[in-house]
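Notes to accompany the following structure.
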Amino acid sequence: MQDTSNILRLLSAISAIIFGSGGIIALFYVANIAVNRLPSQARSRILPWVYMTPALLVLGAFLVLPTIRTIIISFMDQRSQSWVGLDNYHFAFTNAAMLTAFRNNILWLVLVTGLSVSLGLLIAVLMDRVKYEPLAKTLIFLPMVISFVGASVIWRFMYAYQPPGIDQIGLLNAIAVSLGFEPIGWLVNKRINNFALITIMIWLQTGFAMVLLSSAVKGIPKDVIEAARMDRASEFQIFWRITIPIISSTLLVVSTTIVVLVLKVFDIVFVMTGGNLDTEVIASRMIKEMFNFRNFGRGSAIAVILLLAVIPVMVANIRRFQQQEANR
Amino acid sequence: MAHIVFEQVTKSYDNGFVAVKDLNLDIGDDEFLVLVGPSGCGKTTSLRMLAGLESISSGNLYIDGQRVNDKSPRERDIAMVFQSYALYPHMSIFENMAFSLQLQGTPKADIRQRVQAAATQLGIEELLDRKPKQLSGGQRQRVAVGRAIVRDPSAFLMDEPLSNLDAKLRVQARAELSKLHKKLCTTFIYVTHDQVEAMTMGSRIAVMNQGILQQVDTPQNLYEHPNNVFVAGFIGSPAMNFFKATLHPEGDALFIKAGALRVPIPAAARSRYQSYVGTPIIFGIRPENIYTPEYAPPGINPFSIEATVSVVEMMGHEIIVYLTLADGHEFLARVDPRSRLTPGEAIRVNLDLNRFHLFDPSSTHVLA
Ligand SMILES: Nc1ncnc2c1ncn2[C@@H]1O[C@H](COP(=O)(O)OP(=O)(O)OP(=O)(O)O)[C@@H](O)[C@H]1O
Ligand SMILES: [Mg+2]
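Sequences listed follow chains A and B, in order. Numbering follows the numbering used here, with no gaps: position 4 of the first sequence is 6. Numbering follows the numbering used here, with no gaps: position 202 of the second sequence is 205.
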């Protein structure tokens with residue numbers, strides 16, 4: 003009984019794949035034939051649309067419509083039954099927990115972006131001259147492949163805290179105690195717990211920044227650096243006046259990518275502290291409103307705020323991209 | 004205005020490859036020294052050691068009497084024009100040229116004036132606001148030179164700066180660089196593997212092969228008195244013809260015998276070669292010292308030989324003809340364009356016996 007149902011499921015999955023991809027191919031094939039019948043002038047104008055329409059439709063159905071729906075819900079009450087105007091937004095910008103979340107998020111943005119980009123850049127430039135470059139880079143890149151949740155689990159052990167007198171199982175506290183200090187409540191001390199969480203994200207993102215920046219640094223022609231040396235520039239001047247400007251577009255891409263990631267961060271907070279003890283960020287707050295408190299209105303309002311916060315970053319990225327295209 | 008001395012300078016790379024071996028070279032104050040040689044002979048390596056971009060494995064390098072082996076490029080006051088031009092891609096042409104002055108803290112007005120002057124001299128004033136990638140190859144080459152001259156360095160190093168230009172532009176740039184040298188009166192060290200560039204620009208030429216300096220001399224002397232087979236074959240185009248030969252005495256006379264060829268040594272030179280009788284030698288004669296009898300100029304010392312025409316290359320102002328001796332040995336002649344030559348035809352040509360060279364095949368040195 004169980005067996006047959008499994009086989010049936012497998013068959014339906016396979017047929018879905020075959021009919022799904024086959025259907026797409028057939029769709030393009032037929033569209034292509036139809037377009038080829040058209041006069042050649044119209045053809046070149048219509049052809050791109052024929053190929054793009056399915057993708058645009060899918061994008062519209064799964065991305066644009068939900069976004070619009072979220073925006074609408076954000077102006078409605080808890081159950082999405084009546085209009086409440088800007089109430090949800092008013093809540094988002096005045097509620098104490100929300101304000102803490104905003105403050106924390108700004109802290110996250112500045113520290114994670116600033117530190118992982120500058121550390122990544124520093125390592126990329128220094129590694130360029132190191133003999134065991136591939137090995138060293140692999141080690142630094144490694145955290146990148148760990149999921150946020152996985153990384154959080156690892157760091158729970160780093161930060162684990164036992165009251166004084168009991169053996170410390172957390173690495174950091176074990177070190178602290180062996181050096182004669184009191185164990186530190188990394189995740190409960192409100193002065194440092196946010197920084198403890200931010201450290202995890204930096205650990206995760208530095209490798210990403212380093213890999214991209216390192217390939218940009220390697221892309222600078224050796225001649226250009228040597229020409230600067232002949233022009234009597236010091237290594238420091240070469241770094242600031244040649245290296246940085248030449249890799250500036252990569253720097254921007256890396257920074258904006260990390261900014262977007264940080265804006266979305268919630269898993270680390272969720273796993274480590276559950277957002278307690280003043281460690282809430284906007285995204286974790288959104289999850290709470292949405293799924294713990296079942297307040298769809300507020301949850302959606304926070305989602306819209308996050309969306310708006312990402313837009314300037316995206317605009318900067320696209321601008322830069324267009325500039326690059328124009329310069330080619 | 005730098006006096007540069009290489010003393011037994013050797014470069015061996017990390018992989019153990021010796022790129023330059025025991026280089027001794029004394030470059031005068033306002034000399035235009037050209038470094039030539041085939042690809043991979045160590046020209047760039049020598050230049051980079053002088054620039055300070057490559058460490059010196061052994062030997063000494065002096066600039067104006069001061070040992071500079073351990074000095075960084077910034078302490079050497081030398082400018083370099085790279086083969087790729089290596090312009091700073093993110094800076095305008097003005098900024099490219101002003102960069103070194105800015106680093107020195109030169110006043111702004113001063114920088115503007117010096118960059119402007121250099122740009123005027125090179126004819127690139129209207130390009131100052133552009134970015135390097137908006138320039139053509141020839142324009143980039145000028146900017147690279149301009150970036151070097153605004154600094155007013157004590158020596159200029161140039162690594163094949165014209166190799167990316169088309170033939171016409173190259174001729175023009177060659178003349179401009181020569182003019183620039185006369186005007187600046189500074190030491191120029193110029194790397195090329197183009198012997199026309201070497202001959203036309205250099206006040207002296209250093210010929211290198213496989214990391215070893217072969218000969219340093221004026222273009223004229225290098226052409227007329229090559230030290231060894233390599234220099235003889237490298238300078239001059241088409242290359243000198245070589246024949247494996249021996250010296251035979253016959254009565255009073257001395258003959259060079261090379262297969263079907265039997266060439267008498269002129270009386271005046273006889274005593275010089277007397278001691279080499281019986282030993283193997285290499286007989287060399289340049290294609291331009293072989294004439295068709297009708298158009299042989301007066302004043303040569305003609306010796307007529309027979310050969311078969313195999314290929315005729317009409318160049319307009321001259322004919323390059325491939326000739327074959329009775330024993331199958333092939334050689335080239337550069338003859339008057341009016342000569343009538345048909346492939347397959349047997350003809351007589353005149354060798355100018357005032358201008359032949361004899362070398363020792365084991366050492367490849369010229370016979371003294
Ligand atoms: N970093 C290096 N490590 C090992 N060998 C090298 C290195 N750089 C150059 N060489 C070798 O040293 C030799 C001389 O190189 P160099 O670049 O000086 O030649 P070159 O005379 O400038 O040739 P070209 O006319 O092709 O530019 C070459 O055989 C080259 O393969
Ligand atoms: Mg070279």
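Glycine included, C-beta positions come from ideal geometry on N, C-alpha and C.
- If you compare the alpha carbons of B:Met-83, B:Pro-252, B:Asn-72 with that of Asn-63 (chain B), the shortest gap goes to B:Asn-72.
- Residues are counted here when their Cβ sits less than 9 Å from a Cβ of chain B; for the stretch 235 to 254 of chain A these are Ala-235, Ser-236, Gln-239, Arg-243, Ile-244, Pro-247, Ile-248, Ser-250, given in chain order.
- Annotation: the continuous beta strand (DSSP E) that includes Ala-336 (chain B) extends over 333 to 338.
- Within the stretch 117 to 168 of chain A, the complete alpha helix (DSSP H) segments at least 4 residues long are 135 to 143, 150 to 161, listed from N- to C-terminus.
- Within chain A, the residues placing a beta-carbon under 8 Å from that of Gln-107 (chain B) are Arg-234, ordered along the chain.
- Within the chosen limit of 7 Å, ligand 2 does not reach the beta carbon of Thr-195 (chain B) with any heavy atom.
- Within its own chain, the residues whose Cβ lies closer than 6 Å to the Cβ of Tyr-65 (chain B), once the five positions on either side in sequence are excluded, are Val-8, listed in chain order.
- The residue among B:Glu-309, B:Ser-157, B:Gly-319, B:Arg-343 with its C-alpha nearest the C-alpha of Phe-334 (chain B) is B:Glu-309.
- Look at the stretch 49 to 64 of chain B: the residues with a C-beta under 9 Å from a C-beta of chain A are Arg-51, Ala-54, Gly-55, Leu-56.
- When the five nearest sequence neighbours on each side are left out, the beta carbons in the same chain lying within less than 6 Å of the beta carbon of Glu-348 (chain B) are those of Val-312, in order along the chain.
- Under the DSSP assignment, Lys-186 (chain B) falls in the alpha helix (DSSP H) whose first and last residues are 170 to 187.
- Residue side-chain check: Glu-163 (chain B) places its Cβ nearer than 7 Å to a non-hydrogen atom of ligand 2.
- His-92 (chain A) carries a helical assignment under DSSP once its states are collapsed to helix, strand and coil.
- If you look at Asn-99 (chain B), you'll find it in the alpha helix (DSSP H) that goes 96 to 106.
- For Ser-236 (chain A), no beta strand (DSSP E) encloses it, and the DSSP letter there is neither H nor E.
- At a cut-off of 8 Å between C-beta atoms, Pro-314 (chain A) does not count as an interface residue with respect to chain B.
- DSSP lists B:Phe-245, B:His-360 as the beta-bridge partner residues of Gly-287 (chain B).
- Among the residues of chain A, those whose CB is under 8 Å from the CB of Ile-81 (chain B) are Met-232, following chain order.
- For Ser-15 (chain B), the uninterrupted beta strand (DSSP E) run begins and ends at 7 to 15, by DSSP.
- Taking 8 Å as the cut-off, the Cβ atoms of Ile-171 (chain A) and Ala-162 (chain A) count as close.
- A distance criterion of 7 Å places the beta-carbon of Ala-89 (chain B) beyond contact range of ligand 1, judged by its closest non-hydrogen atom.
- Listed along the chain, the chain A residues whose CB falls inside 7 Å of the CB of Ala-121 (chain B) amount to none; the nearest CB is some 14 Å away.
- Beyond the five residues adjoining it in sequence on each side, Thr-367 (chain B) comes within less than 7 Å, by CB distance, of Asn-231, Val-232, Phe-233 in the same chain, given in chain order.
- Per DSSP, the continuous beta strand (DSSP E) segment holding Thr-311 (chain B) begins and ends at 305 to 317.
- Among the CB atoms of chain A, one or more fall inside 8 Å of the CB of His-93 (chain B).
- In this structure, ligand 1 has no non-hydrogen atom nearer than 7 Å to the beta-carbon of Lys-24 (chain B).
- The secondary-structure analysis by DSSP pairs Phe-191 (chain B) across a beta bridge with B:Phe-35, B:Phe-159.
- The closest heavy atom of ligand 2 lies 7 Å or more from the beta carbon of Lys-182 (chain B).
- Judged by the Cβ position, Cys-44 (chain B) qualifies as a neighbour of ligand 1 at the 7 Å threshold, a heavy atom of the ligand being closer than this.
- Taking Thr-115 (chain A) as the centre and dropping the five residues before and after it, the same chain places the C-beta of Ser-257, Ile-260, Val-261, Val-264 closer than 8 Å to its C-beta, in chain order.
- For Ser-166 (chain B), not one C-beta of chain A is nearer than 8 Å to its own C-beta.
- Contact between Val-37 (chain B) and Tyr-193 (chain B) holds, since their C-beta atoms are separated by about 5 Å, short of 8 Å.
- A direct Cα-Cα distance of roughly 19 Å separates Arg-70 (chain B) from Arg-234 (chain A).
- Annotation: Leu-131 (chain B) to Asn-99 (chain B) spans about 9 Å, alpha carbon to alpha carbon.
- In summary, no residue of the stretch 170 to 188 of chain A has a CB separated from any CB of chain B by less than 8 Å.
- Assignment of Gln-198 (chain B) by DSSP, reduced to helix, strand and coil, places it in the helix class.
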